[in-house]
Amino acid sequence: MFLSSSLSVPSFFSTSCWKLHSLAAELRYALSGQFEEVEIAQDGQHIVLTGYVASEDLRREVCHMAHELAAGIPVLCMLAVLTETNMILA
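Its first residue numbered 53, the sequence shown is counted upward by one per residue in my numbering.
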């Protein structure tokens, strides 16, 4: 057991934040090397994905993977498809 008896039980908020942090780290690991342009963060209530990917299919795949790994924690998947970004900048 990694907690000693002298440590207090974390509050719901800190447990929730720890879980979000853990899930964000797990997502970073799962996506590493495949989706370099995707940033994964947490805001205390959500896992937040931002950035861009090469295709709509890839965007759906990344968002689906994030929702599966998050296991009930809300995921904000704000990914743009690279071609959409290029059209906006042009």
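Yeah, the Cβ is synthetic: ideal placement off N, Cα and C, and Gly gets one too.
So residue i packs on residue j, CB below 8 Å; how close in whole Å?
{"i": "Leu-110", "j": "Cys-129", "result": "Not quite, the Cβ-Cβ distance comes to about 12 Å (not below 8 Å), so this is no contact."}
{"i": "Gly-103", "j": "Glu-113", "result": "The Cβ separation is near 14 Å, so there is no contact."}
{"i": "His-98", "j": "Val-133", "result": "Not confirmed; about 21 Å, so no contact."}
The alpha helix (DSSP H) with residue i in it runs from where to where?
{"i": "Ala-118", "result": "108-122"}
Buried or exposed for residue i, please, with buried defined as at least 16 other CB atoms from any protein chain shown within 10 angstroms of its CB.
{"i": "Ala-76", "result": "buried"}
{"i": "Ser-56", "result": "Caution is warranted here: a pLDDT of 34 is assigned to Ser-56, below 50, making its placement in the model unreliable, and the coordinate value is therefore given only provisionally. Exposed, by the Cβ-count rule."}
{"i": "Ala-106", "result": "exposed"}
{"i": "Ser-58", "result": "For Ser-58, the predicted model reports a pLDDT of 38, less than 50, meaning its position is unreliable; a value from the coordinates is still stated below. Classification for Ser-58: exposed."}
Candidates the options: which alpha carbon is nearest residue i's?
{"i": "Met-117", "options": "Gln-94, His-73 and Ala-82", "result": "Ala-82"}
{"i": "Lys-71", "options": "Ser-84, Gly-85 and Ala-93", "result": "Ala-93"}
{"i": "Leu-131", "options": "Asp-95, Cys-115, Ala-123 and His-119", "result": "Cys-115"}
In the DSSP assignment, find the unbroken beta strand (DSSP E) run with residue i in it and report its ends.
{"i": "Glu-89", "result": "Counting along the chain, Glu-89 falls outside any beta strand (DSSP E), and DSSP gives it neither H nor E."}
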